[in-house]
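K.L.:
Below are the C-alpha cells for one structure; questions will follow.
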Amino acid sequence: MADIAARNPAGHPTQQRSGLHKLMQRKSTIAFLMALPLILLITILVAYPAGYAVYLATLNKGMTRFVGFGNFEFLFGRDTFWLVVYQSCLFAITAVIFKAIIGFVVAHFVHNIPAKGQRKWRGMLLVPWVIPPAMSTLAWLWLFDPSYSALNWLLAIFGIEGIPWTGEAGWARFSVILVNVWIGSPFFMIMYLAALKSVPEQLYEAASIDGATWWQRIWYVTLPMMRNIIAITALFSLIVTFANFDIVRVLTAGGPLNSTHIFGTWAFRVGIEGGDIPLGAAVSLFMVPILAVAATFILRDITKRGSEV
Amino acid sequence: MANTAVATGASTRPNYGSMSRDRTWALRWSYFFLVLFAIFFLMPPIYMLITSLKTSAEISAAKNPWFISNPTLQNYIDLLSQNQFLVFFRNSAIVSICVVIITMMISVIAAFALARMKFWGSATLATGVFLTYLIPETLLFIPLFKMFAWVNEVFGVQLMNHWWTMIILYPTLTVPFATWIMIGYFASIPKELDEAALIDGATWMQTLTKIFIPVALPGIIAATIFTFTVAWAQFLYPLAFTTSTSELVLPVGIITTLIKGDVFNWGQIMTGALLGAAPPLIIYAFLMDYYIAGLTAGATKG
Amino acid sequence: MVSMKVNRRRFVAGTAAASAALVAAPFVRSANAAGKLSVGFWDHWVPGANKATEALVKEWAEKNKVEVSMDFITSQGNKLLLTTAAESQAKSGHDVLAFSTWLPARYADQLVPMNDVMEPLIKENGKVNDTVEYLGKLNGKWLAVPATAGSQIKGPCSRIDLLKKHAGIDIQAMYPAGQAPKADAWNLDNFVKAAEACQKGGNPFGIGLGQTSDSVDSAGALFHAFGAQLVNAKGDIVVKNDQVRQVLDYYKKLMQFLPPDVPSWDDASNNKFLVSGQGTLIMNPPSAWAVAKRDAPQIAEQLWTHGFPVGPKGRYAPFLPFFWGVWNFSKNQSAAKSLITHLSQASSAEKMTNASQGYDIPSFEKLTTFKVWAEESPPKGTLYHYPNPHNHQTLSIAAAPAPHKIAEQIYTQAIQTQMVVRYAKGEAMDKTLDWAAKELEGFSRN
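Those sequence lines, one after another, are chains A, B and C.
Position 9 (the first sequence) corresponds to 9 in the working numbering; numbering is contiguous.
Position 243 (the second sequence) corresponds to 552 in the working numbering; numbering is contiguous.
Position 417 (the third sequence) corresponds to 1028 in the working numbering; numbering is contiguous.
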C-alpha cells in the first residue's frame, strides 16, 4: 500500500511538476522527521546493539580474537545445540498451535453466549494475559512443586498418582508449554473474538441457505474471513515465543538433562553462567535470520491481501 | 465446538433456521466449556490468593493446599509495612507512566507518518518495526552494558543501576507494537477526512491532533494499556541493569528480595506476586472494553 | 534494606581519586570517590544474617570516616552472577563485590591482587583449605579473599528418628556432639543400604541430581570419594576411567532409592523435601534446619548435621566458598582492602557466623570452633559437626583439580549429575562416557 504513494511523483508527470514535486518532497521530509524518534530509538537501542552482538558472536571466548563463523561451527558440532534447536521449535510451534486452537475455541464459546454475559467472561478469561508473566510463572512453579504440588494433590483425589511436572523430560516439556499456552491464549481469544464479530452475518445466512454444515461454515466462512488476523496473531506470538526466557528460566532452568532449554535460556547458560559471551550471542542469533525471512514473507502476504480487500 | 457457528447466527438473529433445541444445547455446552476454561485460566491466581493468606507453618504442614485453616493477613501487613516494597512500587509506577507517555508520543506521531504521509522507505519501516521483536532481549543486554560503559566514559553519565534507565530501555519493547496498532487504526480512517482538512489549510500536525487523535482515541487507549502492561511486567532488563534495592522495580524486587535461595517463603512470595499483578489488573478491570476494542481494531484493520 | 545511597558523580571522582591517592590520610573524607565506597554483598538466605555484616561495615565506616553504600544481592535466579557480568562488561559498579565460587578465576584479569590482605590473615587465622586456595589463588596471586558470609559445607543433614527407625542407624552416636566422630562404619555401602531402607520405609533420602549447585556439589563429593576425575589438573580429558565407571554404577544403585523427580531438583527442592517431613536425609548447609525451626519445629528437633560417608578414596565434603574481591576499575582500592581486612578478622567472622545461626563457615583453619556450632539447638549440638571441626573429611569442590576454565564449565553445566542421570536412566556406560567426553572437549576451547 505504501508503494503506491511513494511512486506518486513518477505517476504524475509534466504539469505542475516542480510545485508538486516540492510539495511531495516537503511532505516526505516532514513525515521522515515525524518518524525520526522511532527510527532513532530502534537504531540506537535495538539495531546497533544487535549489530554489536553479531560482532561479539564472531569473537573467541576471551573476546580477544576474531574467529568468524568459528562459534557457529563449534555449535553445529554439538549435540546439545541441536537438542536446543529441536526443543525451541517444539516449544514455540506447539505452544503457538495450542494457543491458536484454545483461543479460537474459547472465542467461539464466548461469541456463542448472549451478548449480556460476554463482557464478564471475556474479562475473566483475559486475566492470565494481564498478570506479569514473572509473577504468574511463580504461581505455576508453586503449583508444580515436587514436595507441595497442589495439582498432584487434586489428582490424588481422583486416584491419579503424582505427576513429576518438572521432574521428567517429557512432563517438563509439557509443563513449560502448558504455562506458555496459559499466558498466551487469552491474547488469541481476544483477537479472534473481535474478528468473529467482524464477519458479516449475511455470509453465514448464505452458507446455511446453501445447506452448509457447521464445519463447512467454519472452514469456508469463518476461517477465510479471519485469515489475516490469524496470521498476524500467530506470527507475533511465534516471534515472542521463540524469544521466551522467563517461563523456562523460572520453571525448569532448562532441566532435567537440558531437555527444556530454549535459545534464550541456553544462551544465558552458556553466555552468563558459563562465561562464554560470544557463544551465547551466537546461540541467540541463530534463529533471527530464519524467523526474519519467515516473518517478512508472511507480512508481505498480509499486506498484499490487505490492499486487495 | 460443534454448533457454535450455527448458534452464533441464531443467538443474534433468531429468524433463520429452526434450531432452538440445538441452540439450547449449544448454549449449555458453551457454558460448560467456558467454566472449564475459566477454571484453567484462573487457577494460578486463585492459588496465589489462597497461599498468600496462609502462615508459613501451615504451608509447611502440607495439608490440603486448597484450604486455609487459619487465614491471616500477616503476609500483606509484613510486605506493605516494608519500606523497600513501597520503593519498588514507586519505581515501577514512575517507570511505567513515563514509558507510556514516551511510547505514545513516539508511536502516534510515527504511525501517522507511516500510515498517511509516506516517504522513501516508509513501507519497509512499517514492516521493520514489527521485526524488532525478532531480536531477543537476551541478545541485547551485553552490548548494552558495553554501550553504557562508553556513555559513562564519554559523558560521565552512569546508566547502570538506576531505575530511570528503564525509561530509556522499555520503549524498545513497547513502541513497535504500539506503532503497529496505531498504523492499523489510522489506516481505517477514511482518507477523505484528512484530505478535506488539508485542503482547508490545516498543517499535517493539526490534521493529526484535530482529526486523527480524536477518532483513534480507542486505539490510543488500547495501546496505552498495552504499553503499561508490558512496562509493568518487564523482567529481564531490570534484572540485568539494576542491583540496589532502591533501584529495583516491582517484579524484579519481589523475585530477588523475597525468594532467598533455598529458604522459600511461599506465603510472602505469593503475596508479593499478587500485589505486583494488581495494578495492571485494576487498570484493566476499568478499561477492559477500550483495551479489547482498540487492540483488535488496530489489528483487524491493519 | 540499607539505604546509604550516595550520589555518584564519576567524572569528578576520576580526577579526585588520583589526587586523593597522593594525600597521606588513608581514605580522605570529602565529596569524592576516596571518601566513598560501594559494596555488593551476597544476600544471605538465613533471615537476619545480613545484619551482622551491616553492623560491621557501619562500624568500619564510622571509624574511617568513609561513606559506604551497601547492596545485598541475591544469588537467586543468578542475579549476583548477572550483576558481576554486567559490572565486568560495563567496567563500573561496586568497589567490593561478593564473588561466588568460580568467579574470581573467571574475572582474574579484572581483579586487584589481594596478597597483601591474605598473607597477614593467614598468619593470624591459620591456613585456608585446599579448595579455597584452588579457587581463589592463581599463579601465586590471591584474586579475592574468602568471605565468611555465604561460605558453607554441604554435608548431610538427617532425621535422627527416621534413620533409627528405617535403617537402624544412630547418627548421634556416630557424630556425637562435642566429640570426634566415630563414623568408620559410615561408608558408601552402608549409605546406600540406609537409603534403601529409608525408601522402603517411605521416607527416602533427598539427594538432588539437577543442575544447580546443591546437586552438583553432592555429586562432586561422591565423585571425589571414588577418585573419579573427568579432567585432570593438566587439562587432559580422562573421563573414560574405572573410577568414573564405579561412581556411575554406585549412583545408579543409589538413584533407585531416591525420589523419581530428583533430576529436576533445584537448591530449594531438597529443603522443602526435608521440611515437609517426607525425607530422611538431604545434603545441605543448615538453612533447611533453620527453616524447619521456624515453620516445622517438631521436625527441626530431629535434625542432625553430620559428615559424608567414606568412599574408596576417602571422605569428601563439598565446600562452597564465597569471596570478596575488588575490581581493578574501582576508584578506591585501598579503602576496599581495608574494609575486607576488617570483615575478615576472627571477631568479625564470629559475628557473621552467629548471625547466620552457624550457616557461615570462615575458610581459615583456626576459625572452625566457634561456640555457636556447639550451642545451636534444637537438638543441642545439631551443628557441632557442620564446620568439620575434627578435619574428619576433606573439603572439596566438584570438578577440581581441572583447570579453572574447564572446571567451571563442568560445574555450571552440571556434567557430573547429567552423566549420573543418563546412565541411571538406562543409557549404556560407553555412550554416557562418550557424551561426557564430547562435552568436555567443547569446554577446552579458548
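The beta-carbon is built from N, C-alpha and C at its ideal position, and this holds for glycine as well.
Evaluate Phe69 of chain A with the Cβ neighbour count: other Cβ atoms within 10 Å of its Cβ, from every protein chain shown; 16 or more gives buried, anything less gives exposed.
P.N.:
Exposed.
K.L.:
Quick one: what's got a C-beta closer than 7 Å to Pro588 of chain B's C-beta in the same chain, skipping five residues either side?
P.N.:
Counting only Cβ-Cβ distances below 7 Å, and skipping sequence neighbours, we find Trp541.
K.L.:
Using a Cβ-Cβ cutoff of less than 8 Å, which residues in the same chain neighbour Val803 of chain C once the five nearest sequence positions on both sides are dropped?
P.N.:
Around Val803 of chain C: Tyr861, Lys864, Leu865 and Phe868.
K.L.:
Are the CB atoms of Pro445 of chain B and Gly264 of chain A nearer to each other than 8 Å?
P.N.:
Closer than 8 Å, so yes.
K.L.:
Is the Cβ of Thr488 of chain B closer than 8 Å to any Cβ of chain C?
P.N.:
Thr488 of chain B does not count as touching chain C.
K.L.:
Alpha carbons only, please: which of B:Gly581, B:Ile601 and B:Leu507 is nearest the one belonging to Leu395 of chain B?
P.N.:
Nearest option by C-alpha distance: B:Gly581.
K.L.:
Using a Cβ-Cβ cut-off of less than 7 Å, list which residues of the stretch 378 to 412 of chain B approach chain C; keep chain order.
P.N.:
Of all residues in the stretch 378 to 412 of chain B, Gln393 have a Cβ within less than 7 Å of some Cβ in chain C.
K.L.:
List the endpoints of the continuous alpha helix (DSSP H) containing Gly264 of chain A.
P.N.:
Taken as a continuous stretch (DSSP letters only), the alpha helix (DSSP H) holding Gly264 of chain A covers Phe263 to Phe268.
K.L.:
Determine, using beta carbons only, whether Cys768 of chain C and Asn965 of chain C come nearer to each other than 8 Å.
P.N.:
Cβ atoms of Cys768 of chain C and Asn965 of chain C: not closer than 8 Å.
K.L.:
Output the distance between the C-alpha atoms of Lys851 of chain C and Ser88 of chain A, rounded to the nearest integer angstrom.
P.N.:
Computed Cα separation, rounded: 32 Å.
K.L.:
Check whether the stretch 704 to 721 of chain C and the stretch 647 to 654 of chain C are in contact - that is, three or more C-beta pairs closer than 8 Å.
P.N.:
Yes: at least three Cβ pairs fall under 8 Å.
K.L.:
Taking a contact to mean a Cβ-Cβ separation below 8 Å, would you say Ala805 of chain C touches Ile764 of chain C in this structure?
P.N.:
Taking 8 Å as the Cβ cut-off, Ala805 of chain C and Ile764 of chain C do not qualify as a contacting pair.
K.L.:
Would Thr742 of chain C pass as a contact of Leu1006 of chain C if the rule is Cβ separation under 8 Å?
P.N.:
Yes; because the gap between Cβ atoms is below 8 Å, this pair is in contact.
K.L.:
Please list, in chain order, all residues of the same chain as Ser699 of chain C whose beta carbon is under 7 Å from its beta carbon, the five residues on each side excluded.
P.N.:
Taken in chain order, the residues that qualify are Tyr718 and Gln721.
K.L.:
Per DSSP, what kind of secondary structure is Ile131 of chain A in: helix, strand or coil?
P.N.:
Here Ile131 of chain A sits in coil by DSSP.
K.L.:
Three-state secondary structure (DSSP) at Val849 of chain C?
P.N.:
Val849 of chain C falls in the coil class under three-state DSSP.
K.L.:
Quick one: give me the first and last residue of the beta strand (DSSP E) that Ser649 of chain C is part of.
P.N.:
Here the beta strand (DSSP E) through Ser649 of chain C covers Lys647 to Trp653.
K.L.:
Closer than 8 Å by C-beta to Leu667 of chain C: which residues in its own chain qualify, once you throw out the five before and the five after it? Chain order, please.
P.N.:
Around Leu667 of chain C: His953, Leu954, Ser959, Lys962 and Met963.
K.L.:
Taking Lys662 of chain C as the reference, give the member of C:Phe930, C:His835, C:Thr694 and C:Ala760 with the closest Cα.
P.N.:
Comparing Cα-Cα distances from Lys662 of chain C to each of C:Phe930, C:His835, C:Thr694 and C:Ala760, the minimum goes to C:Ala760.
K.L.:
Using a Cβ-Cβ distance under 8 Å, would Thr265 of chain A count as near chain C?
P.N.:
No, no contact with chain C.
K.L.:
Assuming the contact rule is C-beta atoms closer than 8 Å, Ala420 of chain B and Met491 of chain B should be a hit. Round their C-beta distance to whole Å, please.
P.N.:
Rounded, the Cβ-Cβ distance is 3 Å, consistent with contact.
K.L.:
Who are the neighbours of Val1031 of chain C on chain D, taking C-beta pairs under 7 Å?
P.N.:
Among the chains of the structure shown, chain D does not appear; the protein chains present are A, B and C.
K.L.:
By the 10 Å Cβ neighbour count, where 16 or more other Cβ atoms means buried, how is Gln1029 of chain C classified, buried or exposed?
P.N.:
Gln1029 of chain C comes out buried.
K.L.:
Determine which residues share a DSSP beta bridge with Cys407 of chain B and list them.
P.N.:
Looking at the DSSP assignment, Cys407 of chain B forms no beta bridge with any residue, so it has no partner.
K.L.:
From the beta carbon of Gly444 of chain B, is the nearest beta carbon of chain A less than 8 Å away?
P.N.:
The sequence shown places Ile at residue 444 of chain B, rather than the Gly named in the question. By this cut-off, Ile444 of chain B is an interface position.
K.L.:
Locate the alpha helix (DSSP H) running through Gly103 of chain A, then write down its first and last residues.
P.N.:
Residues Asp79 to Asn112.
K.L.:
Expressed to the nearest angstrom, what Euclidean distance is found between the alpha-carbon atoms of Met729 of chain C and Gly812 of chain C?
P.N.:
Spanning the two alpha carbons is a distance of roughly 50 Å.
K.L.:
Quick check on Asn384 of chain B: buried or exposed, where buried means 16 or more other Cβ atoms within 10 Å of its Cβ?
P.N.:
Buried.
K.L.:
Is Val657 of chain C helix, strand or coil by DSSP?
P.N.:
Coil.
K.L.:
So with Cβ pairs under 8 Å, would you call Lys27 of chain A a contact of chain B?
P.N.:
Closer than 8 Å to some Cβ of chain B, the Cβ of Lys27 of chain A qualifies, so yes.
K.L.:
With H, G and I counted as helix, E and B as strand and the rest as coil, what does DSSP make of Arg65 of chain A?
P.N.:
Note: Arg65 of chain A maps to coil in three-state DSSP.
K.L.:
Do you know how far the Cα of Ala156 of chain A is from the Cα of Asp872 of chain C?
P.N.:
About 17 Å.
K.L.:
For Ala709 of chain C, list the residues DSSP reports as bridge partners.
P.N.:
Paired residues: C:Trp935.
K.L.:
By how many angstroms is the C-alpha of Pro1012 of chain C removed from the C-alpha of Glu1019 of chain C?
P.N.:
Going by the C-alpha atoms only, they are around 11 Å apart.
K.L.:
Below 8 Å on the Cβ atoms is my contact criterion, and I expect Gly831 of chain C with Ile1017 of chain C to pass it. Report the Cβ-Cβ distance as a whole number of Å.
P.N.:
At roughly 14 Å, the Cβ-Cβ gap does not stay under 8 Å, so Gly831 of chain C and Ile1017 of chain C are not in contact.
K.L.:
Would you say Leu722 of chain C reaches chain B, if we count a Cβ-Cβ gap shorter than 8 Å as a contact?
P.N.:
Output row for Leu722 of chain C: interface = no.
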